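**Q** Convert by adding 124 to the 1-based position in the sequence shown; the result is the number in this note's numbering. Pasting a structure below so you can have a look.
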Amino acid sequence: MGALRKTVTLEVPEAWFMNPEDGDRHRLFYSALLSALAGMRVLIDPVWLPRGAERAARPTASGNLVISFHSYGEAGNILRCKESYVPPFYTMDRMGYSCFSELARFPERFRDQIGAGDDRAAASFVSRLGHELRQGNRSKYPQPPAEARHIAGGYVFVPLQLRNDSVAQGLWLDSRAALKTIVDAASARGLTTVIKRHPRCRSRRIDAVLQELRQRPEVVLSDRSIYDLIPDAELVVGANSGVLFEALLQDRPVISFAASDFGMAVQQVRSHVELAAAIARPDPPSLSWRHKFLFWYLCSYCVRADDSFQIGQRIRSFNPDPKPDGSTVTRVGLRLNWYLLAIMDRIRRRFF
């Protein structure tokens, strides 16, 4: 980053550090991040970030490099970090995460890199990681103990996600209506539909839909481990839940009705007609391509939370794309906006 000391503005997600479920992973990532910055002759300007502030716009005009956490927006002088679908990997993308990322919005920019991967290395990596996750019953959210018994007959697995999650902005179909389309299409093939609700979902609307669907004999509502439900599924169908990514690591074909940063590895559908047709006659990307994508995504696109050298390389290779945004927001004004959004986020999660 040059001989002169430059300043890097570093968002510090203090609230995430205190989370009993995943705070240790975030602290590990930030320890490696600070170690990487320490070797780059930069001054660090820390900014404390409240939970729920990810929706706040960050100024993208020229200035200090900003290392942001859990944010999304236009490209600029900002490198945006977030925990990926599989610990201990983190994304560092110029536009954000999931459906907001550069990878989701401009996938063709990355296709050649993905395709250049070695088939054997990719297949070996996915097989090894998939086995480790399955044997350890490891997922982003704690899972119930795996059971030996299997679900009888063929089935489609549908993992639900939170309706108030920010990535719901990437949905092409209403999730409740999509559920009914999935059940009808699976039933037409003689398949059961196994639905797993998100462990944190408290939506009354989802309650109503599930109560209606559970009256049908070909619908099963399950709270079992995803590793009881993914491996034997004919298909895994959903929006942009991280469980879809985990299903890819178990070599399951995936159909998705939402934008995501793993969209190139799944069969994407944008209408109910396309969704029903995809379930009737699935046409996902080839297994070889899926392996290459997963290998590239986790080993090249992501960084490991414990690898300060890899994180430092990613920061050094980042090419800011500053654009005048006309922003005159002061640092105090930005922080006030963050805290307002944090309060609104708590209210939204509490009541909706």
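Quick reminder that beta carbons are idealized off the backbone N, C-alpha and C, glycines included. Values in this document were obtained by computation on a predicted structure and should not be read as measured data.
If you measure between the beta carbons of Ile-191 and Pro-283, is that distance less than 8 angstroms?
**A** Not a contact, by the Cβ cut-off of 8 angstroms.
**Q** Take Thr-452 and list the residues in its own chain whose beta-carbon comes closer than 7 angstroms to its own, dropping the five residues that flank it on each side.
**A** Confidence at Thr-452 is low in this model, with a pLDDT of 49, below 50, so the placement of that residue is unreliable and no value is reported for it.
**Q** Determine the burial state of Asn-143: buried for a count of at least 16 other Cβ atoms within 10 Å of its Cβ, exposed for fewer.
**A** Exposed, by the Cβ-count rule.
**Q** In chain order, which continuous runs of the beta strand (DSSP E) of length 3 or greater are located wholly inside the segment 268-303?
**A** Listed in chain order, the complete beta strand (DSSP E) runs (minimum 3 residues) inside the segment 268-303 are 279-283.
**Q** Within the same chain, show all residues whose beta-carbon is closer than 6 angstroms to that of Asp-217, passing over the 5 residues directly before and after it, in chain order.
**A** Taken in chain order, the residues that qualify are Arg-204, Ser-225 and Glu-226.
**Q** Whole angstroms is fine: what's the gap from Gly-147's alpha carbon to Glu-271's?
**A** Gly-147 and Glu-271: Cα-Cα distance of roughly 28 angstroms.
**Q** What is the residue span of the beta strand (DSSP E) that Asp-169 lies within?
**A** First-last of the beta strand (DSSP E) with Asp-169: 166-172.
**Q** Answer with buried or exposed for Ser-208, where buried requires no fewer than 16 other C-beta atoms within 10 angstroms of its C-beta.
**A** Label assigned to Ser-208: buried.
**Q** Determine the DSSP secondary structure at Ala-245, reduced to helix, strand or coil.
**A** Helix at Ala-245.
**Q** What residues in its chain sit with their C-beta under 6 angstroms from that of Leu-157, if we drop five residues either side in the sequence?
**A** Excluding positions up to five away in sequence, the list reads Ile-435.
**Q** What's the call for Asp-331, buried or exposed, on a 16-neighbour Cβ count within 10 Å?
**A** Per the 10 Å Cβ criterion, exposed.
**Q** On the CB-based measure, 16 or more other CB atoms within 10 Å of its CB, does Trp-140 come out buried or exposed?
**A** Trp-140 should be labelled buried.
**Q** State the start and end residues of the unbroken alpha helix (DSSP H) segment that holds Asp-236.
**A** Start and end: 235-239.
**Q** With the cut-off set at 8 angstroms, would you say Ala-389 and Pro-409 are in Cβ contact?
**A** Contact flag set, yes.
**Q** At the level of alpha carbons, what is the spacing between Leu-297 and Leu-257?
**A** In a straight line, the C-alpha of Leu-297 is about 30 angstroms away from that of Leu-257.
**Q** Find out if the Cβ-Cβ distance for the pair Glu-370, Ser-263 is shorter than 8 angstroms.
**A** Yes, they are a contact pair.
**Q** Report the residue from Phe-419, Arg-287 and Arg-340 whose alpha carbon sits nearest the alpha carbon of Gly-362.
**A** Measuring from the Cα of Gly-362, the nearest candidate turns out to be Arg-287.
**Q** Between Asp-289, Leu-418, Leu-173 and Arg-273, which has its C-alpha nearest Phe-234's C-alpha?
**A** Checked all of Asp-289, Leu-418, Leu-173 and Arg-273; the closest Cα to Phe-234 is Leu-418.
**Q** Taking Cβ to Cβ, would you say Val-360 is nearer than 8 angstroms to Phe-281?
**A** Contact: yes.
**Q** Report the start-end ranges of each beta strand (DSSP E) in the segment 177-204 that is 3 residues or longer and not cut off at the edges.
**A** For the segment 177-204, whole beta strand (DSSP E) runs of length 3 or above, ordered along the chain, are 189-193.
**Q** Drop a sphere of 10 angstroms on the beta-carbon of Phe-230, count the other beta-carbons inside from all chains shown, and report buried for 16 or more, exposed for fewer.
**A** Classification of Phe-230: exposed, given that the 10 Å Cβ count is below 16.
**Q** Which whole-angstrom value is the C-beta distance of Tyr-279 and Ala-357, which I expect to be below 8 angstroms?
**A** Right, the Cβ-Cβ distance comes to about 6 angstroms (below 8 angstroms), so this counts as a contact.
**Q** Can Gln-259 and Trp-420 be called in contact, C-beta distance under 8 angstroms?
**A** Result no, Cβ atoms of Gln-259 and Trp-420 do not sit closer than 8 angstroms.
**Q** Looking only at its chain, what residues have a beta carbon closer than 7 angstroms to the beta carbon of Arg-414, apart from the 5 residues adjacent to it on each side?
**A** These residues qualify, in order along the chain: Leu-372 and Ala-389.
**Q** Under 8 angstroms, do Ala-310 and Ile-379 count as touching if we go by C-beta distance?
**A** Their beta carbons are not under 8 angstroms apart, which means Ala-310 does not touch Ile-379 by this criterion.
**Q** Where does Asp-430 sit, in a helix, a strand or coil, going by DSSP?
**A** Coil, per DSSP.
**Q** Can you tell me where the beta strand (DSSP E) with Ser-424 in it begins and where it stops?
**A** Neither: Ser-424 is in no beta strand (DSSP E) and is coded neither H nor E.
**Q** Thinking C-alpha only, which one of Ser-299, Phe-153, Thr-133 and Pro-137 is nearest Val-427?
**A** With distances taken between Cα atoms, Val-427 lies closest to Phe-153.
**Q** Please report how far the alpha carbon of Leu-295 lies from the alpha carbon of Asp-243, in whole angstroms.
**A** Spanning the two alpha carbons is a distance of roughly 32 angstroms.
**Q** Rounding to the nearest angstrom, what Cα-Cα distance links Arg-169 and Ala-246 in this structure?
**A** Position check: residue 169 holds Asp in this sequence, whereas Arg was assumed. Rounded to the nearest angstrom, the two C-alpha atoms are 39 angstroms apart.
**Q** Start and end of the alpha helix (DSSP H) containing Asp-352?
**A** Counting along the chain, the alpha helix (DSSP H) containing Asp-352 begins and ends at 350-353.
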